[in-house]
Amino acid sequence: MTKLRVGIVFGGRSTEHEVSVTSATTILHALDPSRYEPVLIGVGHDGAWHVAETESRLLPEAVIGSAESRTSFVGLRAGLELLRRDDAASALARPLDVVFPIIHGRGGEDGSLQGLLELAAIPYVGCGVLSTALCMDKALAKAVLRDAGVPVVPYREISRHAAQLSTSEFAESVEQAFQYPLFVKPTNTGSSVGVQKVRTRAHLHHAIKEAARYDHDVLVEPGVDAREIECAVLGGHAPLASVLGEIRYASEFYDYEAKYASESTQLLIPADVSAPKAEEMRELALVAFHALKCWGMARVDFFLEKRSGRVLLNELNTLPGFTEGSMYPKLWEASGIALPELVDRLIELALERRRETDSLEIRFRK
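Sequential numbering from 6 applies to the sequence shown in the numbering used here.
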């Protein structure tokens, strides 16, 4: 049986670079060597592309960091050339059959990498350009979800440019709309990078300036006294929702350290919620998945208010982590789909989507 050549694209020029490297390692080890031939494609902090295909089980860190085990390509245009070429002089002597992009955050989870793969006409795991970009932009995603009847946390947004001029008028409008504590976050980041919980006007001004270091826009939301519940979605036209999981942590909120470093953080699967409430969240996860035109996978994060029991959808993550402690693969394992099978299904969905795209007419015919 001919093996599928699977390119694992990881790293990237984002604040989530290290998380991506860890995710790529997990995916690499989950690939069945009898079915797949992995090709590691690492993108460094400097934007350089590095390839390791002869040492397929080389750890991703070495691809980016070791000059002896890499071929370097600098820039987006060179990256596209790398992915498309199939001549003997290329670093990839044979073309890729499918790509598993696992660059978290900017440059990988905002539609740009997906656009590159579309131009190269290479099947890839996960959501397309539009849905990836939409889900990454928290404000636009909320607008789409509201129109679909999905309850979301209200917000106010200010541009980085406006924040650099003055935050006074914006802060006043926020205080008129919401009560402290508030959450300030970059509109387009993940892993809680740049997120702060604030309780005073002075801290609000500071937090907006800090969040603006990471993105063009800044989002402010009211604090919600809630449990954090997550649901994994897998599929295409008829997606499935996993069992639910709950995140418990000792810090004030689920920040970067709580997600990736704290030993006190707990992932409870299944979440201790009533059957009707669990079904409500699973249904909302599927509604959101369809509304944002997702494909392949997404992790849907909910708030479950402690007093009222009201469900609010926080966000969808279209390239969820695949680290040892990541919720997405854990939820599917608890739902009866182990990691190797999960990776198989995601690759099959990528190929299915490409076949559908290839079947579309590209010439107008009357």
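Every residue, glycine too, gets a C-beta built ideally from N, C-alpha and C.
Identify the residues that DSSP records as bridge partners of residue i: which are they?
| i | result |
| --- | --- |
| I46 | V14 and V56 |
| V238 | A246 and A303 |
| R360 | Its beta-bridge partners do not exist; DSSP assigns none. |
| F105 | I13 |
| F188 | K202 and E226 |
| Q271 | R253 |
| I163 | V223 |
| Y129 | V104 |
| E233 | I252 and F308 |
| Y41 | L9 |
| V157 | L318 |
Ignore the nearest five residues each way along the sequence and tell me which others in residue i's own chain have a CB closer than 6 Å to its CB.
| i | result |
| --- | --- |
| S112 | Here residue 112 turns out to be Gly, not Ser, going by the sequence shown. So the list reads G17, R18 and S19, once near-sequence residues are dropped. |
| I46 | G12, V14 and V56 |
| L239 | L245 and M302 |
| C299 | C132 and S136 |
| E42 | K8 and R10 |
Taking the Cβ atom as the reference point for each residue, do residue i and residue j lie within a distance shorter than 8 Å?
| i | j | result |
| --- | --- | --- |
| L101 | R10 | yes |
| P227 | V203 | no |
| I13 | A35 | no |
| T417 | L224 | In the structure as shown, the chain starts at 6 and stops at 371, and residue 417 therefore has no counterpart that could be examined. |
| E2 | M141 | Examination of residue 2 is not possible in this model, given that the chain is present from 6 through 371 alone. |
| E310 | D230 | yes |
| T362 | S136 | no |
| H210 | T172 | yes |
| I213 | A144 | no |
| A217 | R165 | yes |
| P65 | V103 | no |
| H109 | V24 | yes |
| A293 | V155 | yes |
| G330 | K282 | no |
| A146 | E320 | yes |
Just to check my reading of the structure: residue i and residue j have Cβ atoms closer than 8 Å, yes? What is that Cβ distance to the nearest angstrom?
| i | j | result |
| --- | --- | --- |
| F307 | L317 | 7 Å |
| I274 | G241 | Not really, about 25 Å apart at Cβ, beyond 8 Å. |
| A296 | A153 | 4 Å |
| R287 | A237 | That belief does not hold up - the Cβ atoms of R287 and A237 are roughly 10 Å apart, past 8 Å. |
| L272 | M332 | 6 Å |
| E235 | L336 | 7 Å |
Quick one: what's got a C-beta closer than 7 Å to residue i's C-beta in the same chain, skipping five residues either side?
| i | result |
| --- | --- |
| P334 | F327, L344 and L347 |
| H22 | G16 and H50 |
| E215 | G199 and Q201 |
With distance defined between alpha-carbon atoms, name the residue in the options nearest to residue i.
| i | options | result |
| --- | --- | --- |
| A355 | M6, Q119 and G341 | Q119 |
| T194 | L170, L139 and F183 | L139 |
| V130 | P159, S331, E366 and R350 | R350 |
Could you name the residues of the same chain whose beta carbon sits closer than 8 Å to that of residue i, not counting the 5 residues immediately before and after it, in chain order?
| i | result |
| --- | --- |
| D277 | E251 |
| R206 | A176 and E180 |
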